[in-house]
Amino acid sequence: MLESRENRSLLPGIKIPSEVGITSDLEHSVAHAELIVTAIPTQFVRSIAERLRTHDFRGVMIVNVAKGIENNSLMTMSEVLLDLLPSAGKDGIVTLSGPSFAEEVSRQVPTAVVAASANIEAAKIAQQVFMTPYFRVYSSEDIRGVELAGSIKNVIAIGAGIADGAGFGDNTKAAIMTRATAELSRLGSLMGAQQRTFAGLSGIGDLIATCMSRHSRNRFVGEEIGKGRKLSDILAGMAMVAEGVATTRSVHDLALKHGVELPIVNEVFEVLFQNKDPIIATSDLMTRDAKGEA
Numbered sequence: 000m001l002e003s004r005e006n007r008s009l010l011p012g013i014k015i016p017s018e019v020g021i022t023s024d025l026e027h028s029v030a031h032a033e034l035i036v037t038a039i040p041t042q043f044v045r046s047i048a049e050r051l052r053t054h055d056f057r058g059v060m061i062v063n064v065a066k067g068i069e070n071n072s073l074m075t076m077s078e079v080l081l082d083l084l085p086s087a088g089k090d091g092i093v094t095l096s097g098p099s100f101a102e103e104v105s106r107q108v109p110t111a112v113v114a115a116s117a118n119i120e121a122a123k124i125a126q127q128v129f130m131t132p133y134f135r136v137y138s139s140e141d142i143r144g145v146e147l148a149g150s151i152k153n154v155i156a157i158g159a160g161i162a163d164g165a166g167f168g169d170n171t172k173a174a175i176m177t178r179a180t181a182e183l184s185r186l187g188s189l190m191g192a193q194q195r196t197f198a199g200l201s202g203i204g205d206l207i208a209t210c211m212s213r214h215s216r217n218r219f220v221g222e223e224i225g226k227g228r229k230l231s232d233i234l235a236g237m238a239m240v241a242e243g244v245a246t247t248r249s250v251h252d253l254a255l256k257h258g259v260e261l262p263i264v265n266e267v268f269e270v271l272f273q274n275k276d277p278i279i280a281t282s283d284l285m286t287r288d289a290k291g292e293a
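If you count the sequence shown from 1, position 131 lands on 130 in numbering that gives the first Met the number 0, and the numbers rise without skipping.
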């Protein structure tokens, strides 16, 4: 990348501007930064943040773009960052989320996302920093809801992909996506999120994109499983991380912790980690007890 100024394996043909420095020295990269973007796979955020424990982040804004929930701790990424980098304070941490595939943003395809923080003023600052004619940013103070939505939609995208791979139709995928919003709302309300967040860009917006797009790694994983491939073989052949796989464990554990029923998440969990047949999983969802829509 230093020579070509291009990530040829992930974003071929997209040149990194000459104004952007490239370094592998973590400490050097944050030494004099006023704003830091963390674009690290969810399950590695803690190990990277550990290396920065002694750095003073007072007055520095940290913008996280990872979408997932840490295994075991069941923390969102803002919680992990605050846990390890307390000098940043919760008012200094922002999450940027929404339907924003890098393949499209890098080509300046019109995109809209949301910047969320416990401190709405921090969210508004991030909004102004990242806003461009092709990248529209809304602000929110519901960081909990934005992070939950961005995480759970990856799990649901695996389920949508399974439906595609198994040969089911658009009716099936539409049902999965719609009922998934009910599961997201159910868990989110118990965890203090605002319901309107789930109808926004980080909720239904990102869910639609991730369940439908050819760019979606999580949907791809599900589709390959639906075709009969093993999860280990699929992951071994991928150049990028499918966040939804690890996050499925976390969301499943959150459901148990809060005593909330998440049927679609549970079936995805059993298909991924208990070798349940996708056809049987679909049948089990379809034959649940009849109830009103809620």
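Note that CB positions come from ideal geometry on N, CA and C, so glycine has one too.
Query                                                                                                                                                                          : Result
Pick helix, strand or coil for Val112, following the three-state DSSP scheme.                                                                                                  : strand
Which ranges would you report for the alpha helix (DSSP H) in the segment 122-185 if only whole runs of at least 4 residues count?                                             : 142-164
Ala280 to Arg228, Cα distance in whole Å?                                                                                                                                      : 16 Å
Which residue marks the beginning of the beta strand (DSSP E) containing Asn217, and which one marks its end?                                                                  : Per DSSP, Asn217 belongs to no beta strand (DSSP E); it is in the alpha helix (DSSP H), 216-225.
Taking just the CA atoms, how far does Phe43 sit from Ile21?                                                                                                                   : 20 Å
Using a Cβ-Cβ cutoff of less than 6 Å, which residues in the same chain neighbour Val62 once the five nearest sequence positions on both sides are dropped?                    : Val36, Val93, Leu95, Ala125
Should Asn71 be labelled buried (16 or more other beta-carbon atoms within 10 Å of its own) or exposed?                                                                        : exposed
Of all the options Lys89, Gly160, Val250, which has the alpha carbon lying nearest to the alpha carbon of Glu69?                                                               : Val250
Is it buried or exposed for Asp24, if we count other Cβ within 10 angstroms and need 16 for buried?                                                                            : exposed
State the Cα-Cα distance for the pair Asp205 and Gly97, rounded to the nearest angstrom.                                                                                       : 5 Å
Am I right that Met270 and Ile224 are in contact with their C-beta atoms under 8 Å? What's the rounded C-beta distance?                                                        : The residue you asked about is not Met; residue 270 is Val in the sequence shown. Indeed they touch by this definition, with Cβ atoms about 6 Å apart.
Express the C-alpha separation of Gly187 and Gln194 in angstroms, rounding to a whole number.                                                                                  : 8 Å
Could you tell me the alpha carbon to alpha carbon distance between Val240 and Ile233, rounded to whole angstroms?                                                             : 11 Å
Determine the burial state of Lys290: buried for a count of at least 16 other Cβ atoms within 10 Å of its Cβ, exposed for fewer.                                               : exposed
Who are the near neighbours of Val128 in its chain, counting only those whose CB is closer than 7 Å to its CB and skipping five residues on each side?                         : Leu34
Count the other C-beta atoms from every protein chain shown that fall within 10 angstroms of the C-beta of Leu272, then say buried if there are 16 or more, exposed otherwise. : Correcting the residue identity first, residue 272 is Phe in this sequence and not Leu. That one is exposed.
Cutting at 8 Å between CB atoms, please list the residues of its own chain near Leu83, excluding the five before and the five after it.                                        : Arg45, Ala48, Glu49, Leu51, Arg52
Measure the alpha-carbon distance for Glu26 versus Glu18 and round it to whole angstroms.                                                                                      : 20 Å
With DSSP as the reference, label Val93 as helix, strand or coil.                                                                                                              : strand
Counting along the chain, where does the alpha helix (DSSP H) carrying Leu230 start and finish?                                                                                : 230-235
Closest to Ala30 by C-alpha separation, out of Arg248, Phe268, Asp55, would be which residue?                                                                                  : Asp55
In the DSSP output, which residue or residues are listed as bridge partners for Glu5?                                                                                          : Lys14
To which residues does DSSP link Thr37 through a beta bridge?                                                                                                                  : Asn63
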